[in-house]
Amino acid sequence: MNQDEISVTVAGTPVRAYRAGAGPALVLLHGGGLDDAQLTWASVWAQLSRHAQVVAPDLPGFGGSPLGPTPATLEGYRAWLVEFLDACQLDRVILAGLSLGGGIALRITLDEPARVRALALIAPYGVSPRLPGGKTGYFSVHTPGAAGFTDAVLRHSDRLLRASLRALLHRPNAVTQELVTQVHALLTQPDAGAAWSAFQHHEVEWTGPRTYFGDQLAGIACPALLLSGEQDKLVPPDDVRAAATRIPGARFVLVAGAGHWLPRDAPDQVAEQLIGFLPTANAAPAPSEDR
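Residue numbers (numbering that gives the first Met the number 0): 0 to 290.
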């Protein structure tokens, strides 16, 4: 993806993004944790860019995009995404989001339906009423210094870094030395994990996640595709399936033998599903004026 790298300015802050291909605009939003556009989407980039104009930003506070004035919340990222689309001169787009990116895609689809032609959600945040890890997950977020200690340990131990990646990737040989090297490079960046930590502090409550879209999903009128890995331990496949039943006309696909980080764990299946979704997405009519 490096040869397709571009830089745009949003809210006075530089954004690293990637752009390639021609045709319908497909905007890819990566996940949280230690992630960026290159890390999540490189494995499907060449396939997708043969069928669409593909745009993938590093979200504020991730990869090559400083957080700047953007609040690390779903609402903050939604407002940022509207400005990013304007900066890229993109009007109605097909949105595909993984995990955190899926939550952002849902938020903008519900709030700004005129901007979203169609929606592809990959293990999205906001469709499960449960916290990953339950109460243990709450304490791991809210215990002072816990996130910094974990990052420090991972910076100094490839063995533990590999173990943490295996919680996201299920298929044999998915955790490669190249991936470990890439994630380690993100760990060594200034403020690594700060935006994700801030997002978690805002979203993780004792009673569960702050955001659970639930019955709001019935208000989504555009075509929707939802993907889940059979072995996903963070966003339960049953919760993604249930979300699909709430979105009118949505299609759910369970990817066998794969974990949470689907574009890396099952890139061929993800690319195939997204490419197959494009004709339906591209044919979607604009929303009515009263929406």
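Think of the CB as a built atom: it goes at the ideal place given N, C-alpha and C, for glycine as much as any other residue.
Quick one, are the C-beta atoms of residue i and residue j less than 7 Å apart?
i: A197; j: A71; result: yes
i: V203; j: L225; result: no
i: A223; j: R116; result: no
i: L159; j: L33; result: no
i: I36; j: D57; result: For clarity, residue 36 is Ala in the given sequence; the question names Ile instead. Yes; because the gap between Cβ atoms is below 7 Å, this pair is in contact.
i: L25; j: I93; result: yes
i: A104; j: V53; result: no
i: Y137; j: W205; result: yes
i: V234; j: S163; result: no
i: S64; j: V7; result: no
i: A51; j: G11; result: no
i: F276; j: A119; result: yes
i: L47; j: Q181; result: no
i: F83; j: V152; result: no
i: L130; j: G207; result: yes
Keeping to the same chain, check which residues put their C-beta closer than 7 Å to that of residue i; ignore five residues upstream and five downstream.
i: L168; result: V174, G258, W260, R263, D264
i: L216; result: A242, R245, I246
i: L192; result: Note that residue 192 corresponds to Gly in the displayed sequence, not to Leu. The residues are L33, A146, D150.
i: G256; result: H169, R170, E229, Q230
i: L253; result: S227, E229, P236
i: D157; result: V179
i: E288; result: No answer about E288 holds up, because its pLDDT of 48 lies below 50 and its placement is not dependable.
i: Q199; result: V140
i: T142; result: none
Check residue i in the structure and name its three-state DSSP category.
i: Q88; result: coil
i: Q52; result: strand
i: I121; result: strand
i: Y76; result: helix
i: R114; result: helix
i: S156; result: coil
i: I5; result: strand
i: Y211; result: coil
i: R129; result: coil
i: L253; result: strand
i: T142; result: coil
i: E288; result: With a pLDDT of 48 at E288, under the threshold of 50, the predicted position of this residue should be treated as unreliable, and no value is reported.
i: E202; result: helix
i: G136; result: helix
i: A220; result: coil
i: L109; result: helix
i: R18; result: strand
i: G228; result: strand
i: L178; result: helix
i: Q46; result: helix
i: T149; result: helix
i: T39; result: helix
i: W260; result: coil
i: N172; result: coil
i: D267; result: helix
i: G31; result: coil
i: G275; result: helix
i: V81; result: helix
i: A282; result: coil
i: D238; result: helix
Give me whichever residues DSSP pairs with residue i in a beta bridge.
i: F61; result: S64
i: I93; result: L25, A117
i: T12; result: V9
i: G100; result: DSSP output for G100 lists no bridge partner at all.
Comparing the CB of residue i with every heavy atom of the ligand ATP, is any distance shorter than 6 Å?
i: H29; result: Summarising the ligand content, the structure contains no ligands, and the ligand ATP is consequently not present.
Might you give, ordered along the chain, the residues of its own chain that have their beta carbon closer than 6 Å to the beta carbon of residue i, omitting 5 neighbours on each side?
i: A41; result: M0
i: V269; result: V43, L261, P262
i: R290; result: Only weak support exists for where R290 lies, its pLDDT of 43 falling under 50; the coordinates are left without a value.
i: Y211; result: P128
Go through its chain and collect everything with a Cβ distance to residue i's Cβ below 8 Å, but skip five positions before and after it.
i: G248; result: P222, A223
i: L89; result: A24, V26, V54
i: E74; result: R106
Exercise for the section: Say whether the segment 97-105 touches the segment 118-136, bearing in mind that this needs 3 or more beta-carbon pairs closer than 8 Å, one atom from each stretch. Expected result: Here the segment 97-105 lies against the segment 118-136, with 3 or more beta-carbon pairs under 8 Å apart.
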